[in-house]
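K.L.:
Sequential numbering from 12 applies to the sequence shown in our numbering.
The C-beta atom is built at its ideal place from N, Cα and C for all residues, glycine as well.
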Amino acid sequence: SAEVVRAGLSLRVAEYWESVGDGRVRGGLCPRRCVVREGFRGACGVRMNIGGKLRTLVYGKVVAVHVDPIEKKPLMHVLPGSRSFSIATAGCNLQCVFCQNWQISQAAPETAPHMDFSPERIVRAAMESGARSIAYTYTEPTVYFELMRDTARLAREQGLLNVWVTCGYIEEAPLRELCKYIDAANVDLKGFSERFYGTYTTGTLEPVLRTFKILKEEGVWTELTNLIIPGANDRPEDISNLCAWVVTEIGRDMPVHFSRFYPAFKLQDRPPTPVATVLGAVEIAKGYGIKFVYAGNIAGNPYEDTECPGCGKVVIARQGYWVKAMKVRDGRCGYCGSELPGIWK
12 SAEVVRAGLS
22 LRVAEYWESV
32 GDGRVRGGLC
42 PRRCVVREGF
52 RGACGVRMNI
62 GGKLRTLVYG
72 KVVAVHVDPI
82 EKKPLMHVLP
92 GSRSFSIATA
102 GCNLQCVFCQ
112 NWQISQAAPE
122 TAPHMDFSPE
132 RIVRAAMESG
142 ARSIAYTYTE
152 PTVYFELMRD
162 TARLAREQGL
172 LNVWVTCGYI
182 EEAPLRELCK
192 YIDAANVDLK
202 GFSERFYGTY
212 TTGTLEPVLR
222 TFKILKEEGV
232 WTELTNLIIP
242 GANDRPEDIS
252 NLCAWVVTEI
262 GRDMPVHFSR
272 FYPAFKLQDR
282 PPTPVATVLG
292 AVEIAKGYGI
302 KFVYAGNIAG
312 NPYEDTECPG
322 CGKVVIARQG
332 YWVKAMKVRD
342 GRCGYCGSEL
352 PGIWK
């Protein structure tokens, strides 16, 4: 822990863990439930057993701060055209071989340059930036649970929305606590088989599916993202299985985003996903009756707009992350008056 002190990291006692004897602790925040000996860390690299207590090394230690369009999260049905004050700390509880943000998600917190940002300071900076929400994003916000929850609570008091961009790998109790303060989530469903999760992420599928169900129960607006990787999760039956599950378990109103893969981190042996594969996935989802299907990471594709399921007209026209035209009034289609699910004001 000398390097932890030298790096000026947090030593705040974490939440969601228990002592299991011999100075060891067991984490209860994520499904890994790591058993951690004195002086060691959980799989996320940012929760450490010091003195027989599990401590979060990243409370208030922020490695990324940006003001992004909300569409970048991606969230298409949450205050379109607004800005989201976006933060991250180091660390992640998955180790996806295709991670886009591996420089910070897979970094030890003592090696990633950080800034000191208390929840109060984050909220103040978000207000000053003109953002209408705070997004907990870039790495895996679950591993900085305490910072996210405390910030979200303060943000809500100031009238800001809270947005959780996540892999969904979290236990039920902390998730339900978080849902008290989170308004919207984009959950990355990385593949639709345990085999995919085991091979590419070191995690498991079942807890992620549970997360979607709990978010629905708790009334958190949720959108799903699926990154389509050639030779991994790109077969039509993979997409069909995912869509069938969405329709049965969550409903046709949840927006689904299919995203194009580009080689990254440890997965450099694949080409970028053919555009046709991504657009084919969109068609499969539409065939299942999913009302709002989007394609991402493809410049100028036809599936960036939001169409009214009632009259079929484009109610939000987009180019990349920019909203060009919007015909939504009080959560309804400006043409036919059909209700549009989402957070519009």
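Among the candidates T288, I261, R35, whose CA atom is the shortest distance from the CA of K302?
P.N.:
Comparing Cα-Cα distances from K302 to each of T288, I261, R35, the minimum goes to I261.
K.L.:
Can you confirm whether the stretch 43 to 61 touches the stretch 80 to 89 when touching is taken to mean that 3 or more C-beta pairs between the two stretches lie within less than 8 Å?
P.N.:
No, because fewer than three Cβ pairs between the stretch 80 to 89 and the stretch 43 to 61 fall closer than 8 Å, the two stretches do not touch.
K.L.:
Could you pull out every residue in the same chain whose Cβ sits closer than 6 Å to the Cβ of C319, ignoring the five residues on either side in sequence?
P.N.:
Result list for C319: V326, C344, S349, in chain order.
K.L.:
When you compare the CB positions of E188 and L40, do they come within less than 8 Å of one another, or not?
P.N.:
Taking 8 Å as the Cβ cut-off, E188 and L40 do not qualify as a contacting pair.
K.L.:
If we count the other Cβ atoms within 10 Å of its Cβ and call it buried at 16 or more, is M126 buried or exposed?
P.N.:
M126 should be labelled exposed.
K.L.:
Enumerate in chain order the residues of its own chain whose CB-to-CB distance from S12 is below 6 Å, with the five nearest sequence positions on each side excluded.
P.N.:
Hits under 6 Å: I61.
K.L.:
What three-state label does DSSP hand G291 in the structure shown?
P.N.:
In this structure, G291 counts as helix in the three-state DSSP scheme.
K.L.:
Among all the DSSP beta bridges, which residues are the ones paired with Q330?
P.N.:
For Q330, which the question treats as bridged, DSSP gives the partners W333.
K.L.:
Under a Cβ-count criterion, where at least 16 other Cβ atoms within 10 Å of its own Cβ denotes burial, should V304 be classed as buried or exposed?
P.N.:
The residue in question, V304, is buried, as its Cβ has 16 or more Cβ neighbours within 10 Å.
K.L.:
In the DSSP output, what is P80 paired with across the bridge?
P.N.:
R94.
K.L.:
Could you check the C-alpha separation between L216 and D199 for me, to the nearest Å?
P.N.:
Rounded to whole angstroms, L216 to D199 spans 11 Å at the Cα level.
K.L.:
With a cut-off of 8 Å on the beta carbons, I'd call S116 and T67 a contact; round off their distance for me.
P.N.:
Going by Cβ atoms, the distance from S116 to T67 rounds to 16 Å, so no, they are not a contact pair.
K.L.:
The beta strand (DSSP E) spanning I239 covers which residue range?
P.N.:
Unbroken beta strand (DSSP E) run through I239: 232 to 239.
K.L.:
Compute the beta-carbon to beta-carbon distance between N112 and C55, rounded to the nearest angstrom, for a pair I have assumed lies under 8 Å.
P.N.:
Not confirmed; about 14 Å, so no contact.
K.L.:
Is DSSP giving W355 helix, strand or coil here?
P.N.:
If DSSP states are grouped into helix, strand and coil, W355 belongs with coil.
K.L.:
If you draw a straight line from the C-alpha of T284 to the C-alpha of N312, how long is it?
P.N.:
C-alpha separation (whole angstroms): 14 Å.
K.L.:
Mapping the DSSP letters down to three states, classify S12 as helix, strand or coil.
P.N.:
S12 falls in the coil class under three-state DSSP.
K.L.:
What does DSSP give as the partner residues of G307 in its beta bridges?
P.N.:
S270.
K.L.:
Mind reading off the beta-carbon distance from L165 to A195? Whole number of angstroms is fine, and I expect it under 8 Å.
P.N.:
About 17 Å separates the two Cβ atoms, so there is no contact after all.
K.L.:
How about Y180 and P218: are their beta carbons less than 8 Å apart?
P.N.:
The answer is yes: Cβ separation under 8 Å.
K.L.:
According to DSSP, what are the bridge partners of R66?
P.N.:
Paired residues: V24, M59.
K.L.:
Determine which residues share a DSSP beta bridge with S144 and list them.
P.N.:
S95, L172, per the DSSP bridge assignment.
K.L.:
With DSSP run on the structure shown, which of helix, strand or coil describes C45?
P.N.:
DSSP places C45 in coil when its eight states are reduced to three.
K.L.:
With 16 as the cutoff for other CB atoms within 10 Å, does E205 come out buried or exposed?
P.N.:
By the neighbour-count rule (16 or more Cβ atoms within 10 Å), E205 is not buried but exposed.
K.L.:
Near A18, what residues of its chain come up, given a Cβ to Cβ distance below 6 Å and the 5 sequence neighbours on each side ignored?
P.N.:
Excluding residues within five positions, the ones whose Cβ falls inside 6 Å are E121.
K.L.:
Could you check which residue in K277, S93, G71 has the C-alpha nearest to that of W355?
P.N.:
Out of K277, S93, G71, S93 has the C-alpha closest to the C-alpha of W355.
K.L.:
If we ignore side chains and look at the alpha-carbon of each, how far apart do P241 and T210 end up?
P.N.:
Going by the C-alpha atoms only, they are around 14 Å apart.
K.L.:
Per DSSP, what kind of secondary structure is N244 in: helix, strand or coil?
P.N.:
N244: coil per DSSP, three-state reduction.
K.L.:
On the three-state DSSP scale, how would you describe L278?
P.N.:
Here L278 sits in strand by DSSP.
K.L.:
Hey, quick one: how far does the alpha helix (DSSP H) through V219 stretch, first residue to last?
P.N.:
Residues 217 to 228.
K.L.:
Excluding sequence positions up to five away, which residues of its chain have a Cβ less than 6 Å from the Cβ of V286?
P.N.:
Taken in chain order, the residues that qualify are I309.
K.L.:
How close, in whole Å, do the beta carbons of V267 and A296 come, if the pair is a contact with beta carbons under 8 Å?
P.N.:
Yes, they are in contact, since the Cβ atoms of V267 and A296 sit about 5 Å apart, within 8 Å.
K.L.:
Please determine, among A184, Y332, T162, V78, the residue with the shortest C-alpha to C-alpha distance to E139.
P.N.:
Ranking the options by Cα distance to E139, first place goes to V78.
K.L.:
Can you give the Cα-Cα distance for M159 and Y149, rounded to whole angstroms?
P.N.:
If you take the alpha carbons of M159 and Y149, they lie about 13 Å apart.
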